[in-house]
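J.: Using full-length UniProt numbering, you'd call the opening residue of the sequence shown number 1 and step up by one each time.
Here a beta-carbon is modelled for each residue, glycine too, at the ideal position from N, C-alpha and C.
Owing to the predicted nature of the structure, the values given are computational and were not obtained by experimental measurement.
Can you read through this structure? Questions will come right after.
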Amino acid sequence: MPTSKARADSLSLLLFTLRSGKLMAINLLKVSEIIPCPPLTKLPESHPHVKGIATLRGASLSVIDLSRALGEMPLEDPNGGCLIVTDVSRSKQGLHVQAVSKIVHCLTTDIRPPPYGSGGNRAFITGVTQVEGGLVQVLDIEKVIHGIAPAPIEAAPTDLTMEEAEVLGHARILVVDDSQVALQQSVHTLRNLGLTCHTARSAKEAIDVLLELQGTGEEINVVVSDIEMSEMDGYALTRTLRETPDFQHLYVLLHTSLDSAMNSEKARLAGANAVLTKFSSPELTKCLVVAAQTVAQQGR
């Protein structure tokens with residue numbers, strides 16, 4: 001498969017620093033605004049990484065001390081720095097950082113997986129890239145948020161019809177996500193539905209799994225893939241599958257922490273069947289039922 005020749009998408013990163021001076025990045029599409037740190041109200045018994053609550057245009061906003069959440073000392077001036085207001089996985093939060101540096105533009109192929117020994121499951125990064133000769137770590141904001149306020153574990157939906165449950169049982173699903181937290185959430189939903197699945201932490205690994213299972217009783221017919229991934233993102237993975245005869249038929253659901261509305265057209269152009277914003281177990285279940293019904297109609 002032409003993984004090395006997959007067309008790369010452009011990506012804009014917002015660079016910022018922590019107290020230590022460490023340079024990090026976040027996808028600009030996850031940022032709604034950047035503001036000076038406003039007065040904060042400290043809530044009793046709140047998580048130690050939550051500095052307090054800010055009021056932003058009449059709405060409450062939890063403010064995370066990102067330096068502390070990543071294992072560093074808190075900012076020296078608690079009232080200094082600035083807030084990066086993020087909109088991720090259907091919620092908004094403020095990240096208190098030392099300073100915002102600049103915006104850089106790169107290709108998704110410029111983002112490499114975290115180097116070996118960088119912390120494994122404890123690391124709060126999904127990839128690294130080079131900017132002006134320096135190494136920049138790309139923040140796994142979903143993991144930061146999950147460490148402070150884990151998403152509630154939702155029970156398996158009980159309103160599935162017998163027909164839906166039966167057709168869902170024939171789906172052979174591959175979940176692709178470079179965020180360990182997001183991957184676990186998706187797998188948990190599938191297990192609640194009584195389904196088993198295969199997983200991959202990158203597009204390249206996903207292609208290896210597809211090739212390995214091809215022609216076996218576990219051959220994949222539904223791919224649930226993150227969009228933001230290092231080296232090859234979900235769009236490029238989808239295009240690669242559509243351009244490969246053995247995998248053109250796969251049902252592809254792109255599962256993203258970004259607002260799915262802004263990604264729908266790009267997902268359609270890449271060849272995806274559907275796109276969904278993370279994370280809602282009931283909505284993921286509905287999308288999987290549609291996927292299973294589609295592949296059943298195709299005789300897959």
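By Cβ distance below 7 Å, which residues in the same chain neighbour F247 in space, the five residues on each side in sequence not counted?
T.: What you label residue 247 is simply residue 247 of the sequence shown in a count that begins at 1. Counting only Cβ-Cβ distances below 7 Å, and skipping sequence neighbours, we find L210, L241.
J.: Could you tell me which of I35, L284, Y251, P150 sits nearest to residue 307, measuring between CA atoms?
T.: Residue 307 lies beyond the residue range present for the chain, which begins at 1 and ends at 300; the question has no answer from this structure.
J.: Which one of T294, A25, G127 has the shortest CA to CA distance from V100?
T.: Residue mapping note: residue 100 aligns to position 100 of the sequence shown, counting from 1. Ranking T294, A25, G127 by Cα distance to V100 puts A25 first.
J.: Measuring straight from C-alpha to C-alpha, what distance separates S10 and R239?
T.: The residue you call residue 10 lines up with position 10 of the sequence shown. The residue you call residue 239 lines up with position 239 of the sequence shown. S10 and R239: Cα-Cα distance of roughly 15 Å.
J.: Inspect the CB distances between the region 278-297 and the region 252-259 and report whether three or more fall short of 8 Å.
T.: With a cut-off of 8 Å, the region 252-259 and the region 278-297 count as touching, because enough Cβ pairs lie within range.
J.: So, under 8 Å CB-CB, S67 and L61 are touching, yes? Tell me the CB distance rounded to an integer number of Å.
T.: Within the sequence shown, the letter at position 67 stands for residue 67. Within the sequence shown, the letter at position 61 stands for residue 61. Not confirmed; about 18 Å, so no contact.
J.: For T216, does the count of other Cβ atoms within 10 angstroms reach 16, so buried, or fall short, so exposed?
T.: Here residue 216 is taken as the residue at index 216 of the sequence shown, counted from 1. T216 is exposed by the Cβ-count criterion.
J.: Restricting to runs no shorter than 3 residues, where is the beta strand (DSSP E) found entirely within the region 233-300?
T.: Taking only runs of at least 3 residues, the beta strand (DSSP E) segments lying wholly in the region 233-300 are 251-256, 274-277.
J.: Just to confirm the assignment, what range does the beta strand (DSSP E) spanning Q214 have?
T.: To locate residue 214, count along the sequence shown from 1; it is residue 214. Here Q214 belongs to no beta strand (DSSP E), and DSSP marks it neither H nor E.
J.: Pull the bridge partners of R112 from the DSSP assignment, please.
T.: Reading the sequence shown from its first residue, position 112 is the one you call residue 112. DSSP lists V128 as partners of R112.
J.: Could you check how far apart the C-beta atoms of V88 and I145 are, in whole angstroms? I think they sit under 8 Å.
T.: Walking along the sequence shown from the start, residue 88 turns up at place 88. Walking along the sequence shown from the start, residue 145 turns up at place 145. Confirmed, Cβ separation roughly 7 Å.
J.: State the DSSP-derived secondary structure class of T189, mapped to helix, strand or coil.
T.: Walking along the sequence shown from the start, residue 189 turns up at place 189. Helix at T189.
J.: Here's a check: name, in chain order, each residue in its chain whose Cβ is nearer than 8 Å to the Cβ of G81, leaving out the five neighbours to either side.
T.: Locating residue 81 in the sequence shown gives position 81, where the first residue counts as 1. Correct list, in chain order: C37, L75, H96, V97, Q98, A99.
J.: Near T294, which residues of its chain fall below 6 Å by C-beta distance, leaving aside the five closest residues on each side in sequence?
T.: Taking the sequence shown and counting its residues from 1, one reaches residue 294 at position 294. Y251.
J.: What distance in whole Å lies between the Cβ atoms of R172 and E219, which are believed to be in contact at a cut-off of 8 Å?
T.: Here residue 219 refers to the residue found at position 219 of the sequence shown. Here residue 172 refers to the residue found at position 172 of the sequence shown. About 6 Å separates the two Cβ atoms, so the contact holds.
J.: Buried or exposed for S179, going by 16 or more other Cβ atoms inside 10 Å?
T.: Looking up residue 179 in the sequence shown gives position 179. Answer is buried; the Cβ neighbour count reaches 16.
J.: Round the Cβ separation of G94 and I64 to the nearest angstrom and send it over; I've been treating them as touching at under 8 Å.
T.: Residue numbering aside, residue 94 sits at position 94 when the sequence shown is read from its first letter. Residue numbering aside, residue 64 sits at position 64 when the sequence shown is read from its first letter. At roughly 7 Å, the Cβ-Cβ gap stays under 8 Å, so G94 and I64 are in contact.
J.: Would you kindly check if the distance between the Cβ of A123 and the Cβ of P114 is under 8 Å?
T.: The residue you call residue 114 lines up with position 114 of the sequence shown. The residue you call residue 123 lines up with position 123 of the sequence shown. Yes, the pair counts as a contact, with Cβ atoms nearer than the cut-off.
J.: Put H47 into one of helix, strand or coil per three-state DSSP.
T.: Here residue 47 corresponds to residue number 47 of the sequence shown, with the count starting at 1. Coil at H47, not helix or strand.
J.: Since S10 is in the beta strand (DSSP E), which residue starts that stretch and which ends it?
T.: By one-based count along the sequence shown, residue 10 stands at place 10. Unbroken beta strand (DSSP E) run through S10: 10-17.
J.: Do you know whose CA, among G134, H47, E231, I35, lies nearest K22's CA?
T.: In the sequence shown, the residue the question calls residue 22 occupies position 22. K22 has its Cα closest to that of G134, out of G134, H47, E231, I35.
J.: With a threshold of 7 Å (Cβ to nearest heavy atom), would Q93 be considered close to the ligand MN?
T.: In terms of ligand content, the structure shown is empty, and the ligand MN therefore cannot be addressed.
J.: Does the Cβ of T161 have 16 or more other Cβ atoms within 10 Å, making it buried, or fewer, making it exposed?
T.: For the purposes of this step, residue 161 is taken as residue 161 along the sequence shown, with counting starting at 1. Under this definition T161 is an exposed residue.
J.: Who are the near neighbours of T86 in its chain, counting only those whose CB is closer than 8 Å to its CB and skipping five residues on each side?
T.: Residue numbering aside, residue 86 sits at position 86 when the sequence shown is read from its first letter. The answer, listed in chain order, is I26, K30, V31, S32, K92, Q93, G94, L95, I141.
J.: In or out: H49 buried (at least 16 other Cβ within 10 Å) or exposed?
T.: On the sequence shown, residue 49 is found 49 positions in, with the first residue counted as 1. Buried: at least 16 other Cβ atoms inside 10 Å.
J.: In whole angstroms, give me the CA-to-CA distance for D208 and F279.
T.: Within the sequence shown, residue 208 is the residue found at index 208, counting from 1. Within the sequence shown, residue 279 is the residue found at index 279, counting from 1. For D208 and F279, the distance between alpha carbons rounds to 26 Å.
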